[in-house]
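A quick write-up on the structure given underneath.
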Amino acid sequence: NRKIVLDLMPNGIPKKENFQMIEEPVPKIKDGQILVRNIYISLDPYIRGRMMDSLPIGPYQINEPLGGETVSVVEESKNENFQKGDLVEGNFGLQDWAVCDSWAIMKLQGPELKHPTLALGLMGLPGFSAFMGLVDIGNPQPRETVVVGACTGAVGSVVGQIAILKGAHVVGIAGTDEKCKYAVETLKFDKCLNRHASDFKQQLKEACPHGIDIYFENVGGKIFEAVIPLLNQRARVPICGLMSQSNSETPLSIDVSLVEFQNLILAKRIRVQGFIIYQDYFTRYSDFKKGMCEWVEHDKFTFKEDIVKGLENSADAFIGLFEGKNFGKLIIQAGEI
Ligand code: NDP
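Numbering (this note's numbering), first residue to last: 4 to 340.
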């Protein structure tokens with residue numbers, strides 16, 4: 004059983020030497036248990052948070068595989084509810100094999116049976132985060148302006164598309180012109196701006212002539228700085244993630260002070276709320292799955308996946324997340340179904 008584990012705690016952007024591949028015998032199952040072989044493994048930015056002690060779910064343990072949600076095939080079962088060949092979703096991380104109890108896996112259903120990787124993107128943790136952060140905290144209304152960064156990524160692309168379904172004007176921000184073209188032409192966002200443009204602040208102002216009602220925060224830093232002066236009365240700012248800050252050893256500085264921002268929050272009655280998806284919305288998971296399933300079955304969503312073959316390529320693929328190299332939901336393919 005190959006496993007990708009943490010070697011050294013990273014400082015700054017993770018490097019290849021922070022990851023290590025180890026091999027162990029394939030685990031044996033006991034009565035009631037199931038042996039699964041992982042096919043697809045999700046790579047998500049939160050893995051970086053678990054490489055240090057900064058997330059409520061805590062750091063990785065020694066020999067614990069890194070990552071993430073998985074789509075696996077049942078290879079052996081001593082549990083009457085699962086048969087060899089069943090496709091299941093679970094959370095077994097970057098490894099080839101895992102033994103589990105029945106509560107730890109769910110059989111793929113509906114659109115996921117046709118397209119199993121949906122369980123890791125649109126219908127998994129990223130889709131769930133986009134859905135709850137935007138609908139529950141953002142509460143978009145027709146004709147409001149919604150801005151979202153990392154907008155062709157796993158979370159951002161779903162945020163923008165739900166906002167469009169709710170009748171909002173959607174402005175995306177991405178790291179390349181190619182990604183921006185995709186956001187406008189394929190995802191049907193109203194506008195998309197390249198965050199590296201030298202006049203980015205001015206472009207954002209022009210793209211949001213009526214100000215910003217919802218800023219869905221995926222990245223922080225300079226993008227947040229450009230957003231702040233454009234926030235409207237009673238704007239909502241769901242804080243989902245802070246890509247630009249997750250690797251900095253010293254806090255990023257922006258040109259707006261905390262005191263200025265607090266004054267603005269008070270004067271404009273802005274709502275800023277962070278969330279950790281499974282901790283805050285665990286009980287809403289089945290509502291999300293049901294709602295998303297209906298949308299997907301009615302072709303309301305476009306999704307893009309960046310599937311990297313080979314468990315041995317996990318470190319490079321993961322590091323690429325912080326360089327904007329992924330184009331769509333990043334997934335490792337460890338084997339064949
Ligand atoms: P993505 O698929 O969007 O990949 C990350 C993207 O972030 C990159 O492609 C890049 O896009 C952008 N990025 C990377 N570095 C920087 C930087 N320095 N400055 C600005 N942008 C940068 O990832 P996900 O959709 O999986 O995650 C998006 C966010 O959601 C993350 O912050 C993640 O931590 C958060 N999240 C939070 C959850 C929660 O429970 N709160 C759950 C799931 C995700 P580009 O180059 O195109 O700008």
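No residue lacks a Cβ here, since even glycine has one placed at the ideal position from N, Cα and C.
Residue from the options whose Cα sits closest to the Cα of residue i
i, options, result
"Leu342", "Cys211, Val91 and Gln23", "What is shown of the chain runs 4 to 340, which leaves residue 342 out entirely."
"Ile65", "Asn94, Val8 and Lys87", "Val8"
"Ser251", "Leu46, Gln36 and Arg51", "Arg51"
"Gly124", "Glu308, Ala337 and Leu137", "Glu308"
"Arg146", "Phe85, His301 and Val173", "Val173"
"Ile140", "Met54, Val275 and Leu267", "Val275"
"Thr148", "Tyr43, Lys208 and Ala157", "Lys208"
"Ala318", "Arg5, Met12, Lys271 and Pro17", "Pro17"
"Asp258", "Arg272, Val299 and Ile226", "Ile226"
"Leu314", "Ile335, Gly294 and Ala101", "Ile335"
"Ser75", "Val230, Ser160, Ser256 and Val39", "Val39"
"Met295", "Glu83, Gly323, Asp180 and Met135", "Met135"
"Ile231", "Ser247, Glu263, Gly178 and Pro212", "Glu263"
"Pro212", "Asp193, Arg198 and Ala107", "Asp193"
"Asn4", "Leu97, Tyr43, Ser80 and Asp10", "Leu97"
"Asn82", "Cys154, Ser160, Gly70 and Lys33", "Lys33"
"Ile25", "Lys31, Tyr288, Ile37 and Asp10", "Asp10"
For residue i, three-class secondary structure by DSSP
i, result
"Cys296", "helix"
"Gly323", "helix"
"Pro28", "coil"
"Glu20", "helix"
"Pro212", "coil"
"Phe304", "coil"
"Lys33", "coil"
"Pro145", "coil"
"Phe330", "coil"
"Ile7", "strand"
"Ile201", "Note that residue 201 corresponds to Ser in the displayed sequence, not to Ile. In this structure, Ser201 counts as coil in the three-state DSSP scheme."
"Leu38", "strand"
"Asp139", "helix"
"Asn235", "strand"
"Val222", "coil"
Exposure label - residue i; buried when at least 16 CB within 10 Å
i, result
"Pro119", "buried"
"Thr286", "exposed"
"Ser132", "buried"
"Asn329", "buried"
"Thr155", "buried"
*Taking the runs of the beta strand (DSSP E) that are 3 residues or longer, which of them lie wholly in the stretch 51 to 133?*
73 to 80, 90 to 93 and 100 to 103
_Contained alpha helix (DSSP H) runs [length at least 4] in the stretch 244 to 289, N- to C-terminal order_ = 261 to 271 and 280 to 284
*Start-end ranges of the alpha helix (DSSP H) lying completely within the stretch 166 to 195, minimum 4 residues*: 180 to 188
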